[in-house]
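**Q** Dropping a structure here in structure tokens format, bear with me for questions.
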RNA sequence: GCCUUUGUAGCUCAGGGGUAGAGCACUUCCUUGGUAAGGAAGAGGUCCCGGGUUCAAUUCCCGGCAAAGGCUCCA
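Numbering (our numbering), first residue to last: 3 to 651.
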């Protein structure tokens, strides 16, 4: 008998050779029908494999990320089986699961696959899935594996086998298709009910552009048709919310070939929105003890030699700017920190001055690869909501906590509810690639872990992901569609204070090196605005939105009254437009709704007589008549509620 | 940076070796209307840029630039 410990801590006994599936069946048939794979002593395995002995076991279903991965990995095999049936002679590269579905890289020889072929592939996959073919695992010797793929003529698989050790090679077979695969897989193909081939793209074999380009087929599958439908609806919604499309429609920003790729031009409405974000952040930072500084867009090349950026990124940056002086070189700044270090160093600092929090909405320039440019999310010139905190080592944790508070405050004000933090620490084994004393690292790492825990954020710890100069914490938010976006980071830095020889005089009257913390809650304003456009589908929070209301006169006769109301509202700080076209009210309402104006203020004879405006709320309809003052108060109350909730939380 | 696709009016797009079209937007006129599209007329284009083939190129070919998707990268 073997003892199996389940996630709830209970222990059950099973006969030697029992499988995870047997365990599932002993719990309930319903569970057994949903088990995709199993985590045995921390390792994900086939549910159909005999358990190795006493073990801890969790059964993985569609509700587990690892269960989904298994499902999609098996789906990749199903895709391959369908391709082999439809396109005999195809050679196969790799076919892994990804965040949303899976892909398979294939070599079709002379043939090509286009969008038009997807339906046939999907049909074949469904046909094969319904055969309920089991995924059968078989350990093979290296020689046998080589023999199999040599006969099949698949050089890609042979290359993969070449990198594996004899004794650790397994094949999986379902139906007529056999693949080199570590597994694990779902019990059989019938779990796969809904199938969609999403797209086709080129991808180099092993990601190496010098090697052959294969055809990559992306697909996604689900256990239920309904889930596929929902997924496709979500994708459509994401397309509708694309910030590049909405940004154009809403006149927020544009690009010009003549200005250059990746260099956004902010239109008046977008620039004003940016300004509101900046002011909001400035205010929050002032309350948190930051001081604003301002530094130029360029700096001498020597500055970046000191910081080390020249050595590491110099050749991939915008190249130095020369001057009439022979040998004089300046760089467009790729970061604000070197400038801020010089501000710190501009005079002697006492421990009493610390922490010194220097903030700047600094615009930086990085030569991103052309293929990487993407709307506002990835640009070559962008503005960071940057700040550098210079502090004593014993202040790191408190500063971290304060930064996290600030970030959460700001994100809540923008309507984000779901955050996660990723803490990046040193590699557990190899410590040679990090600079700074072991003692400082330990302190800083512990400080970050504690700070993240104390503020109650969901935290993932990643070892080996720290920068060479210090550990960091990255913020992730989930947007309204459940997509994860990485925002700004908080990073501890021992390197720059060293390189810039920064010092403060301690209470012991000796010189000490400060610790530097980089932090940018939004990361870049550009990327952040892209995120809020997509998160809100262009319906920004009232305090941020370009246009809070639009006045719609019933006819030309009321335009003068409308103008008066508009200037009254403007005097009370309300951003209000006026539709003075000679159109019918129905038309004006329709256009205002489509333009997503939060409030429509209808003004006709009735309203003029009673000194009111008829208020209509976007998406909600008629909200009754009220005076201009009452409406302004309504707006202000709404804004206070949105921002107040954030402050209180 | 690499691969594939795309680039025509402000926007969305059709067309095609003989210098160009639709819908929406815009302008003017008519209409002055009460909660999601009133009517008519008009204006608007280096068909991305440069070169080549051709009697003739926006159309075909080559090169650039830009965008989309993918690969690789990201202080």
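No residue lacks a Cβ here, since even glycine has one placed at the ideal position from N, Cα and C.
Between the beta-carbon of residue 495 and the beta-carbon of residue 519, is there less than 9 Å?
**A** yes
**Q** Thinking just about the alpha-carbon of each residue, which of 303, 267, 83 is nearest to the one in residue 378?
**A** The residue with the shortest Cα to Cα distance from residue 378 is 267.
**Q** Bridge partners of residue 386, per DSSP?
**A** Paired residue(s): 364, 526.
**Q** For the beta strand (DSSP E) that contains residue 520, what are its first and last residues?
**A** 517–521
**Q** Which residues in the same chain as residue 230 place their Cβ atom closer than 7 Å to its Cβ, once the five residues preceding and following it in sequence are excluded?
**A** 196, 198, 224
**Q** For residue 467, tell me which candidate among 439, 454, 427 has the shortest Cα-Cα distance.
**A** 427
**Q** Please confirm if the stretch 59–70 is in contact with the stretch 113–127, defined as three or more CB-CB distances below 8 Å between the two stretches.
**A** no
**Q** Just to confirm my understanding: we take residue 160, look at its own chain, exclude 5 residues before and 5 after, and list those with CB closer than 8 Å. What are they?
**A** 148, 151, 152
**Q** In three-state DSSP terms, what is residue 537?
**A** helix
**Q** Determine, using beta carbons only, whether residue 306 and residue 340 come nearer to each other than 9 Å.
**A** yes
**Q** Count Cβ pairs between the stretch 505–513 and the stretch 454–471 that sit closer than 8 Å; are there 3 or more?
**A** no
**Q** With which residues is residue 267 paired in a DSSP beta bridge?
**A** 256
**Q** Excluding five sequence neighbours on each side, which residues of the same chain lie with their C-beta closer than 8 Å to the C-beta of residue 370?
**A** 264, 380, 381, 382
**Q** Take residue 240 and list the residues in its own chain whose beta-carbon comes closer than 8 Å to its own, dropping the five residues that flank it on each side.
**A** 483, 485, 536
**Q** Give me, in chain order, the residues of the same chain whose beta-carbon lies closer than 7 Å to that of residue 303; leave out the 5 immediate sequence neighbours on both sides.
**A** 312, 322, 331, 332, 333
**Q** Can residue 130 and residue 217 be called in contact, C-beta distance under 9 Å?
**A** no
**Q** Tell me, please, which residues DSSP counts as bridged to residue 393.
**A** 517
**Q** Less than 9 Å between the C-beta atoms of residue 279 and residue 477, yes or no?
**A** no
**Q** Classify residue 619 as helix, strand or coil using the three-state DSSP reduction.
**A** strand
**Q** For residue 19, which beta-bridge partners are listed by DSSP?
**A** Answer is none; residue 19 lacks a bridge partner.
**Q** Out of curiosity, what's the CA-to-CA distance linking residue 82 and residue 203?
**A** 16 Å
**Q** With C-beta atoms as the reference, is residue 677 less than 9 Å away from residue 4?
**A** The requested residue 677 is not part of the displayed model; the chain covers only 3 to 651.
**Q** Report buried or exposed for residue 551, applying the criterion of at least 16 other Cβ atoms within 10 angstroms of its Cβ.
**A** buried
**Q** Here's the rule: buried if 16 or more other CB atoms are within 10 angstroms of the residue's CB, otherwise exposed. What is residue 409?
**A** buried
**Q** Rounded to whole angstroms, what's the CA-CA distance from residue 127 to residue 80? Just pull it up for me.
**A** 6 Å
**Q** Once DSSP output is grouped into helix, strand and coil, what is the label at residue 296?
**A** coil
**Q** Determine, using beta-carbon pairs with one atom in the stretch 587–600 and one in the stretch 561–574, whether at least three such pairs fall under 8 Å.
**A** no
**Q** So what's residue 600 in DSSP terms, helix, strand or just coil?
**A** The answer is coil: DSSP assigns residue 600 none of H, G, I, E or B.
**Q** Less than 7 Å between C-beta atoms, sequence neighbours within five positions excluded: which residues of the same chain meet that for residue 526?
**A** 384, 385, 386
**Q** Would you call the CB atoms of residue 492 and residue 471 closer than 9 Å?
**A** no
**Q** Which whole-angstrom value is the C-beta distance of residue 175 and residue 140, which I expect to be below 8 Å?
**A** 7 Å
**Q** In terms of residues, what are the limits of the alpha helix (DSSP H) holding residue 505?
**A** If you look at residue 505, you'll find it isn't in any alpha helix (DSSP H); DSSP assigns it neither H nor E.
**Q** With a 10 Å radius around its C-beta and 16 neighbouring C-beta atoms as the bar for buried, classify residue 554 as buried or exposed.
**A** It counts as buried.
**Q** Report yes if the CB atom of residue 94 is closer than 9 Å to the CB atom of residue 156, and no otherwise.
**A** yes
**Q** So the candidates are 309, 38, 301; which of them puts its Cα closest to the Cα of residue 50?
**A** Minimum Cα distance to residue 50 is reached at 38.
**Q** CB residue 73 to CB residue 173, shorter than 9 Å?
**A** Contact flag unset, no.
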